[in-house]
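*Asks:*
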Amino acid sequence: MSKADASKTGEGKADILVVDDHPANLRLLSAMLEKQGYQVRKALSGQLALDSVEASLPDIVLLDVNMPQMSGYEVCAKLKAAERTRDLPVIFLSAASEALNKIYAFEVGGADYITKPFQLEDVLIRVENQLTIQRQKRQLTEQNTRLQQEIRDRQQAEAALRRSEAQNQAVLAAIPDLMFRVRRDGVYLDYFPAKGFHEPLSPEMERIGRKMMDVIPAEMARRQQQYMELVLQTGEIEVYEQQYEVDGKLFEEEVRVVVSGEDEVLFIVRDIGDRRRIERALYEAQRKSETLLLNILPKIIADQLKKNQDSVNQENGAIAEQFSEATILFADIVDFTSQAARTRPTDLVNLLNQIFSTFDQLVEQHGLEKIKTIGDAYMAVGGLPTPRDDHAEAIADLALDMQQAIQRFHRDQGEPFQLRIGINTGAVVAGVIGIKKFSYDLWGDTVNVASRMETQGEAGKIQVTAETYQHLQHRYQFEKRGAIAVKGKGEMTTYWLLAKASNDEPSIADAELTAQIN
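The numbering of the sequence shown is the working numbering, which starts it at 10 and goes up by one.
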């Protein structure tokens, strides 16, 4: 087994590609990683890095941002644009520590961002964290692949079963597992089990000349008597199914009842246990498949995707919809990176899972839609895929509840985590992208501004735009922050969302209106 293969199964160290145009930096970082047992490849430029990846796919890339000819951002964008390398984790290395540099790094597809000069422990923790995430992703993908294969196998079995039943119906009807004739008074006239048929009920008992009530359970005998009377009255063939247990084993049978003479009927019994087990297995596989799909997509989108599955795989068959108004929330855990540097990867992922699972429950309680998590950031939306008039109120309530919920989670020093939340309202485009791995996402200026509200906000606070404020001003308490410079938008007036308005505390808008009247 190669080292690259071993890293994918957790049995060996990973294959790491280090890219930096400064040979001294390249040698230093490579030596640090090789000392830890990693297999390290080196590249002095972006093009050499792409050539190395094309030749052999590494497990992770450590990529310098500032390089001549081709920057680290450009290299990452090219990797994310290719099907073969789009899931390859990229950790950026840069001396620039400004928030906008980090934002752009994540926008082009970066998985993490390390600021120079760096500490060995910080680099190793972040590398191991990304490798752990990749292993978990691979395990989930393999599990999903096995599940899909099971579904296909069972669907093929079901199709084969249908074809077999259609082709051999007459033969199966002529060769049942068991046939017996019964007189109107319930006495067996004859009894013909098929070769190899094992009678689970009273197998050693002689039946001919005995009454059904003396041989089989009373409830089964009464039911057979009822169908016998019905067939003798109507002359029609009747079919029913019966179940019973013997020594803890379930038996399932199909019974046909046919008039065979004056005051007598013929019972034709077929074992359908295998067929029913296949049907139940198919149903369970379909249920698991639908549950898996609902973990990725909203129900209304999942239903639409199943209906249009053939056309979705075509170039112009994507699912997309324009929404005239929705409210977007971005939330980021403040200074989580510093916590990550001091936390084992498994503990870090477990902590994030607990926090985000709590947020997921709040999203569900408020009838909203989680879009995705991005590192330690969380994105949710109100007003789609099912439009609702109170989308801004629902998102505001979610934001307030999230600020309360995060207080239950503490850093290793003991103080609680804090959230920085940004909210904006406006038009968005929502849709499903991907062919094999589906993702429901949002696009538009409204989304970008909501993200800016979060990144330019403050710890422990909820920053909203004037558009969102207009929806909420009479029902919530706000503090006017004033005008701030927003990239790509210029100056914007924003507000801090504080709490729901009470009768004793009027909102800003109500207070201003009262002042104007006075």
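Positions of the beta carbon are idealized from the N, C-alpha and C atoms, including for glycine. As the structure is a prediction and not an experimental result, all values here were calculated from the model.
For Val74 and Ser103, which I take to be in contact (beta-carbon distance under 8 angstroms), what is that distance rounded to the nearest angstrom?
*Replies:* Sure, about 4 angstroms apart at Cβ, within 8 angstroms.
*Asks:* Hey, out of Thr367, Lys498, Glu463 and Arg289, whose CA is closest to Ala166's CA?
*Replies:* When only C-alpha atoms are compared, the closest one is Arg289.
*Asks:* Can you say whether Glu20 is buried or exposed, counting buried as having 16 or more other CB atoms within 10 angstroms of its CB?
*Replies:* Below a pLDDT of 50, predicted positions are generally treated as unreliable, and Glu20, at 47, falls in that range; no measurement from the model is reported.
*Asks:* Short of 7 angstroms in beta carbon distance, which residues of its chain neighbour Tyr200, apart from the five on each side in sequence? Order them along the chain.
*Replies:* Closer than 7 angstroms at Cβ, skipping near neighbours: Phe189, Arg216 and Ile217.
*Asks:* Candidates Asp398, Asp272, Tyr249 and Leu133: which alpha carbon is nearest Met229's?
*Replies:* The candidate whose alpha carbon is nearest that of Met229 is Tyr249.
*Asks:* Given this structure, state the Cα-to-Cα distance separating Pro77 from Pro32, to the nearest angstrom.
*Replies:* Cα to Cα, the separation comes out at about 14 angstroms.
*Asks:* Return the residue from the list Glu130, Lys22 and Glu262 that minimises the CA-CA distance to Thr352.
*Replies:* Comparing Cα-Cα distances from Thr352 to each of Glu130, Lys22 and Glu262, the minimum goes to Glu130.
*Asks:* Only counting the same chain, and skipping five residues up and downstream in sequence, which positions put a Cβ closer than 6 angstroms to that of Gly469?
*Replies:* Answer for Gly469: Gln427, listed in chain order.
*Asks:* Might you give, ordered along the chain, the residues of its own chain that have their beta carbon closer than 6 angstroms to the beta carbon of Ala492, omitting 5 neighbours on each side?
*Replies:* Closer than 6 angstroms at the Cβ level, and outside the excluded window around Ala492, lie Glu500 and Thr502.
*Asks:* Between Ala105, Pro396, Ala169 and Ile337, which has its C-alpha nearest Arg284's C-alpha?
*Replies:* For the residues Ala105, Pro396, Ala169 and Ile337, the minimum Cα distance to Arg284 belongs to Ala169.
*Asks:* Spell out the partners DSSP gives Asp24 in its beta bridges.
*Replies:* Per DSSP, Gln48.
*Asks:* Kindly indicate which residue of Ile112, Gly55 and Glu254 has the alpha-carbon position closest to the one of Thr464.
*Replies:* Selected option, being the one with the closest Cα: Ile112.
*Asks:* Which one of Arg192, Arg286, Leu109 and Leu198 has the shortest CA to CA distance from Val240?
*Replies:* Comparing Cα-Cα distances from Val240 to each of Arg192, Arg286, Leu109 and Leu198, the minimum goes to Arg192.
*Asks:* Look at the alpha carbon of Ala510 and the alpha carbon of His480, and state the distance between them as a whole number of angstroms.
*Replies:* Their Cα atoms are separated by approximately 13 angstroms.
*Asks:* Would you kindly check if the distance between the Cβ of Gln413 and the Cβ of Pro425 is under 8 angstroms?
*Replies:* The answer is no: Cβ separation not under 8 angstroms.
*Asks:* With DSSP collapsed to three states, give me the class of Ala494.
*Replies:* Note: Ala494 maps to strand in three-state DSSP.
*Asks:* In the DSSP assignment, the beta strand (DSSP E) including Met501 goes from what residue to what residue?
*Replies:* Its beta strand (DSSP E) spans residues Gly499 to Lys509.
*Asks:* My parser needs the beta strand (DSSP E) runs of 3 or more residues fully inside the segment 339-386; what are they?
*Replies:* You should have 378-383.
*Asks:* Can you tell me which of Asp194, Thr150, Thr243 and Ile277 puts its alpha carbon nearest to the alpha carbon of Pro202?
*Replies:* Checked all of Asp194, Thr150, Thr243 and Ile277; the closest Cα to Pro202 is Ile277.
*Asks:* So for Glu215, helix, strand or coil by DSSP?
*Replies:* Glu215: coil per DSSP, three-state reduction.
*Asks:* Return the CA-CA distance between Arg95 and Leu88, expressed in angstroms with no decimal places.
*Replies:* So the two alpha carbons sit approximately 6 angstroms from each other.
*Asks:* By how many angstroms is the C-alpha of Leu361 removed from the C-alpha of Thr355?
*Replies:* Rounded to whole angstroms, Thr355 to Leu361 spans 10 angstroms at the Cα level.
*Asks:* Measuring only the C-alpha atoms, how far is Gln242 from Asp272?
*Replies:* The alpha-carbon atoms of Gln242 and Asp272 are separated by roughly 10 angstroms.
*Asks:* Bridge partners for Gln252 per DSSP, in chain order?
*Replies:* The partner list for Gln252 (beta bridge, DSSP) reads Glu261.
*Asks:* According to DSSP, is Ala169 helix, strand or coil?
*Replies:* Correct three-state label for Ala169: helix.
*Asks:* On the criterion of 16 or more Cβ atoms from any shown chain inside 10 Å, does Ala529 qualify as buried, or is it exposed?
*Replies:* For the chain, the structure presents residues 10 to 527; residue 529 sits outside this window and is missing.
*Asks:* To the nearest angstrom, report how far apart Asn322 and Glu92 are at their CA atoms.
*Replies:* For Asn322, the predicted structure reports a pLDDT of 43, less than 50, and the residue's modelled location is therefore unreliable. A value from the coordinates is still provided. Rounded to the nearest angstrom, the two C-alpha atoms are 15 angstroms apart.
*Asks:* Straight-line CA distance for Ile337 to Tyr504?
*Replies:* In a straight line, the C-alpha of Ile337 is about 15 angstroms away from that of Tyr504.
*Asks:* Can at least three beta-carbon pairs, one atom from the segment 139-152 and one from the segment 364-381, be found at a separation below 8 angstroms?
*Replies:* Touching, no.
*Asks:* Under 8 angstroms Cβ to Cβ from Ala329, same chain only, skipping five residues before and after it: list those, please.
*Replies:* For Ala329, where only same-chain residues beyond five positions count, the Cβ hits under 8 angstroms are Val438, Ala439, Gly440 and Val441.
*Asks:* Which class does Arg95 belong to by DSSP, given the choice of helix, strand or coil?
*Replies:* It is coil, neither helix nor strand.
*Asks:* Excluding the 5 residues flanking Arg265 on each side, which residues of the same chain have their C-beta closer than 7 angstroms to its C-beta?
*Replies:* Answer for Arg265: Ile246, Val248 and Ile277, listed in chain order.
*Asks:* Ends of the alpha helix (DSSP H) at Arg232?
*Replies:* Here the alpha helix (DSSP H) through Arg232 covers Ala227 to Thr243.
*Asks:* Which word fits Gln422, buried or exposed, when buried means at least 16 other C-beta atoms lie within 10 angstroms of its C-beta?
*Replies:* Exposed: under 16 other Cβ atoms inside 10 Å.
*Asks:* To the nearest angstrom, how far is it from the Cα of Phe127 to the Cα of His400?
*Replies:* Approximately 43 angstroms, taken between the alpha carbons.
*Asks:* Using only the alpha-carbon positions, how far apart do Met221 and Ser366 sit?
*Replies:* Rounded to whole angstroms, Met221 to Ser366 spans 59 angstroms at the Cα level.
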